[in-house]
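Just below is one structure, and these are the notes that go with it.
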Amino acid sequence: MIGRSIPEYVFIRISITGLRLIAPLSIVYLLACAYTREWILSPWLAGYAFVEAAFYLLVYLPRSRFMQQAAEHPPLLSKEERGALFTKCFSSVHDTDRATGWFPSAHTGQIFKENVIEWLLWALFHTDRDGFLNEWEEELEGYVKMLEHLMGRKLDEGWNSTVRCMKVSLDPVVSLHRPFIWYMIVSVVDTYTSIKLLRNGFTHYLQDNWASYFPQHLFAHWSKKSPTPRLSYWYRPHRSTTKRPFVFIHGIGIGLWPYVPFLVELIKEDPEVGIFAIEIYPISMRISPPPLNRYAMLEAIRTILDFHQQQNFVLSGHSYGTIIAAHMLKDPKLQSRIVGTLFVDPIPFLLHLPAVAFNFLYREPKTANEWQLWYFASRDADIARTLARHFFWIENILWNEELKGRQVGVVLSGRDQIVDSVEVWRYLTDTREGKGDPKFHWTGEGLDVYYYPECDHATVFDTKKDRRPLVEMVSKFVRNNSVEDAQIGSGSGSDGNLLESTPLVRNGVHRGYSSTSTSVESR
Numbered sequence: 001m002i003g004r005s006i007p008e009y010v011f012i013r014i015s016i017t018g019l020r021l022i023a024p025l026s027i028v029y030l031l032a033c034a035y036t037r038e039w040i041l042s043p044w045l046a047g048y049a050f051v052e053a054a055f056y057l058l059v060y061l062p063r064s065r066f067m068q069q070a071a072e073h074p075p076l077l078s079k080e081e082r083g084a085l086f087t088k089c090f091s092s093v094h095d096t097d098r099a100t101g102w103f104p105s106a107h108t109g110q111i112f113k114e115n116v117i118e119w120l121l122w123a124l125f126h127t128d129r130d131g132f133l134n135e136w137e138e139e140l141e142g143y144v145k146m147l148e149h150l151m152g153r154k155l156d157e158g159w160n161s162t163v164r165c166m167k168v169s170l171d172p173v174v175s176l177h178r179p180f181i182w183y184m185i186v187s188v189v190d191t192y193t194s195i196k197l198l199r200n201g202f203t204h205y206l207q208d209n210w211a212s213y214f215p216q217h218l219f220a221h222w223s224k225k226s227p228t229p230r231l232s233y234w235y236r237p238h239r240s241t242t243k244r245p246f247v248f249i250h251g252i253g254i255g256l257w258p259y260v261p262f263l264v265e266l267i268k269e270d271p272e273v274g275i276f277a278i279e280i281y282p283i284s285m286r287i288s289p290p291p292l293n294r295y296a297m298l299e300a301i302r303t304i305l306d307f308h309q310q311q312n313f314v315l316s317g318h319s320y321g322t323i324i325a326a327h328m329l330k331d332p333k334l335q336s337r338i339v340g341t342l343f344v345d346p347i348p349f350l351l352h353l354p355a356v357a358f359n360f361l362y363r364e365p366k367t368a369n370e371w372q373l374w375y376f377a378s379r380d381a382d383i384a385r386t387l388a389r390h391f392f393w394i395e396n397i398l399w400n401e402e403l404k405g406r407q408v409g410v411v412l413s414g415r416d417q418i419v420d421s422v423e424v425w426r427y428l429t430d431t432r433e434g435k436g437d438p439k440f441h442w443t444g445e446g447l448d449v450y451y452y453p454e455c456d457h458a459t460v461f462d463t464k465k466d467r468r469p470l471v472e473m474v475s476k477f478v479r480n481n482s483v484e485d486a487q488i489g490s491g492s493g494s495d496g497n498l499l500e501s502t503p504l505v506r507n508g509v510h511r512g513y514s515s516t517s518t519s520v521e522s523r
């Protein structure tokens, strides 16, 4: 992720403009060639322009229309489950701005009762106003009254047509065209990543329908067949009899490319520990089929682990990968096999708040890093479809109490432009009502929370110094001999610090940060 400087802003705006101009200029060029009945400048240029024009007209436009198909929402919760969920969400909302943040363009006074009901229909019933059922009326009234109590006023009756709420899975899928040459760049980066992984002892296991993805792996014909038909992964064999293997799930971006240094450092730390690096193509800037749903993904991961005869393991995810990690923690067939979990830039916490949805899908970019996220991630067609049609907050949300009794590490970035990292830190550390500033390291009963004040989303992987606590935390987890070792029932305060005896963190002070930015508290 780039920064916020003026040179970076100029660079990213020029880059985006250049990529967006390729398709229209190619069409104009071909029309000019047709008009003059000769190749202007070069027949090679004409050939390239033809590829780009065809890619836009015959690939992007049909796919962008196809992606508007309605989402297949998860089954409705029962009335009792909805009530319990709403009450639980409501208890962690402390101010009006967060209660009304799902209406990003409206002031509190502009939001009428029917506008709130519209949002509730999406959030809890997976439908819009046209899908309203009379049997929900009393239940909705109860939710509205709770919101009115928080806001300190009664909502005006009626509907304000100028106010729009965010309804992620019902709103249109918004994307922008990527030229053919962009996917060639992705292919080059993917090839470089593959070479690095192969040189470090990884083997690639390719899913059955590999031809439905573009660009394809350069080494596809030399990959082994994945034991599950719709999930590819890299695997470095596990050789230790006393340590657990490591499962890593990447976030949105060009696949595993940003994480290679992290994985290499893990290998150097524990050469005998096996590593599974799961590939999620629909969020890897590729043209791909829709992502697996929650249950299919869990079944695929179980199949991979069983195929390699690995029972217990350490789990980690970054960004979108933390959603799948959260599903695994809640899966009855997998949760008992996880001996430690590391969440980096986590998405699942406080998903009922609007920050993640707004920052990724609805925010108008202003700074250089926001423009980078907006064009290269948010407006990528397959990523946009994944988030707008296959991302359901009710399924994905993870609560603090679901971490209890486990060894868990959470890494937050202070300048994260997607996650409200300060609010998540306060939630995980039980620091309520906005009291207390985030400290670099907080530890409690089985939970370690790291807060990098100068990092943006994903930039914790950029430097060896910042990666070091992550490597040490994973190394600590893989040394657990059983799941029971990971399910801590006692120990808090400084005695619960997983890393205080390591070279990087001693006496509560992290090297490279001032001592005032480190705190070890009891959870």
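First residue of the sequence shown: 1, per full-length UniProt numbering; consecutive thereafter.
Where a beta carbon is used, it is the ideal one built from N, C-alpha and C, also for glycine.
* To do: Please report how far the alpha carbon of residue 197 lies from the alpha carbon of residue 112, in whole angstroms.
  => Distance between the alpha carbons of residue 197 and residue 112: 55 angstroms.
* Asked: So, is residue 41 buried or exposed, given that buried needs 16 or more other C-beta atoms within 10 angstroms?
  -> Answer is exposed; the Cβ neighbour count stays below 16.
* Asked: Does the beta-carbon of residue 387 have 16 or more other beta-carbons within 10 angstroms, so that it is buried, or is it exposed?
  -> Burial call: buried.
* To do: Keeping to the same chain, check which residues put their C-beta closer than 6 angstroms to that of residue 357; ignore five residues upstream and five downstream.
  => 166, 168, listed in sequence order.
* From residue 153 to residue 109, what does the alpha carbon distance come to, in whole angstroms? -> Whole-angstrom Cα-Cα distance: 10 angstroms.
* Asked: How big is the Cα-Cα spacing for residue 202 and residue 234?
  -> The straight-line gap from Cα to Cα measures roughly 6 angstroms.
* Reference residue 383; option with closest CA among 473, 364, 282, 334 -> Comparing Cα positions, the closest option is 282.
* To do: Would you kindly work out how many angstroms separate the C-alpha atoms of residue 23 and residue 100, rounded to a whole number?
  => C-alpha of residue 23 to C-alpha of residue 100: approximately 40 angstroms in a straight line.
* Could you please give the first and the last residue of the uninterrupted alpha helix (DSSP H) stretch that includes residue 34? => Its alpha helix (DSSP H) spans residues 6–36.
* Exposed or buried, residue 172, counting other C-beta atoms within 10 Å across all chains shown (16 or more means buried)? -> With fewer than 16 other Cβ atoms within 10 Å, it is exposed.
* Between residue 444 and residue 25, what straight-line distance do the alpha-carbon atoms span, to the nearest angstrom? -> One alpha carbon belongs to residue 444, the other to residue 25, and they sit about 58 angstroms apart.
* Inter-residue spacing [alpha-carbon to alpha-carbon] between residue 327 and residue 36 -> Distance between the alpha carbons of residue 327 and residue 36 is about 59 angstroms.
* Asked: Is residue 524 buried or exposed, if buried means 16 or more other CB atoms sit within 10 Å of its CB?
  -> Nothing about residue 524 can be reported from this structure: the residues present for the chain run from 1 to 523 only.
* Asked: Span of the alpha helix (DSSP H) holding residue 123?
  -> 113–125 is the span of the alpha helix (DSSP H), which, as asked, contains residue 123.
* Asked: What's the gap between the Cα of residue 225 and the Cα of residue 300?
  -> Taking the straight line from one Cα to the other gives about 14 angstroms.
* List the residues that DSSP assigns as beta-bridge partners of residue 277. => DSSP, once it has assigned bridges, lists 234, 248 as partnering residue 277.
* Below 8 angstroms CB to CB, which residues in the same chain sit around residue 355 once its five sequence neighbours on both sides are set aside? => 101, 418, 419, 420, 423, listed in sequence order.
* On the three-pair Cβ rule with 8 angstroms, is the segment 329–349 touching the segment 70–79? -> Short answer: they don't touch.
* Asked: Excluding the five sequence neighbours on either side, which residues of its own chain have a C-beta within less than 8 angstroms of the C-beta of residue 88, listed in chain order?
  -> Correct list, in chain order: 399.
* Sufficient close CB pairs (3 or more, under 8 angstroms) joining the segment 262–272 to the segment 460–475 -> The segment 262–272 is in contact with the segment 460–475.
* Taking the alpha-carbon positions, what's the residue 59 to residue 66 distance? -> Rounded to whole angstroms, residue 59 to residue 66 spans 11 angstroms at the Cα level.
* Tell me where the beta strand (DSSP E) around residue 323 begins and ends. => For residue 323, there is no enclosing beta strand (DSSP E); the residue is part of the alpha helix (DSSP H) that begins and ends at 320–330.
* List the residues that DSSP assigns as beta-bridge partners of residue 413. => 452, per the DSSP bridge assignment.
* **Cβ-based burial, residue 338 [other Cβ within 10 Å; buried from 16]** => By the neighbour-count rule (16 or more Cβ atoms within 10 Å), residue 338 is buried.
* To do: Please go through the same chain and pick out, in chain order, the residues whose beta-carbon is closer than 7 angstroms to the beta-carbon of residue 122, but skip the five residues on each side of it.
  => Within the same chain, residue 122 has close Cβ partners 128, 167, 170.
* Counted within 10 angstroms of its Cβ, other Cβ atoms place residue 209 as buried (16 or more) or exposed -> So residue 209 ends up on the exposed side.
* To do: Over the uninterrupted beta strand (DSSP E) stretch that includes residue 259, give me the two end residues.
  => Taken as a continuous stretch (DSSP letters only), residue 259 belongs to no beta strand (DSSP E), as it is neither H nor E.
* **Outcome for residue 306 when other beta-carbon atoms lying within 10 angstroms are tallied against a minimum of 16** => Exposed: under 16 other Cβ atoms inside 10 Å.
* Asked: Do residue 313 and residue 407 come within 8 angstroms of each other at the CB atom, strictly closer than that value?
  -> With contacts defined by Cβ atoms closer than 8 angstroms, residue 407 and residue 313 do not form a contacting pair.
* To do: Mind checking which residues open and close the alpha helix (DSSP H) that includes residue 352?
  => No alpha helix (DSSP H) contains residue 352, which DSSP labels as neither H nor E.
* Which listed residue (176, 114, 475, 16) has its alpha carbon closest to that of residue 137 -> Of the listed residues, the one whose Cα sits closest to residue 137 is 114.
* Best match in 440, 385, 4 for proximity to residue 72 [C-alpha to C-alpha] -> Taking each of 440, 385, 4 in turn and checking the Cα distance to residue 72, the smallest one comes out for 385.
* To do: Report the rounded CA-to-CA distance for residue 8 versus residue 363, giving the unit in angstroms.
  => Looking at the two C-alpha atoms, the distance is approximately 19 angstroms.
* Asked: For residue 438, is the classification buried or exposed, using 16 other Cβ atoms within 10 angstroms of its Cβ as the cut-off for buried?
  -> It counts as buried.
* State the CB to CB distance for the pair residue 116 and residue 144, rounded to an integer number of angstroms; the pair is presumed to be in contact (CB under 8 angstroms). => A Cβ-Cβ distance of about 6 angstroms is found for the pair residue 116 and residue 144, placing them in contact under the 8 angstroms criterion.
* To do: Use the C-beta contact count for residue 359: other C-beta atoms within 10 angstroms, 16 or more gives buried, fewer gives exposed.
  => Under the 10 Å beta carbon count, residue 359 is surrounded by 16 or more other beta carbons and is classified as buried.
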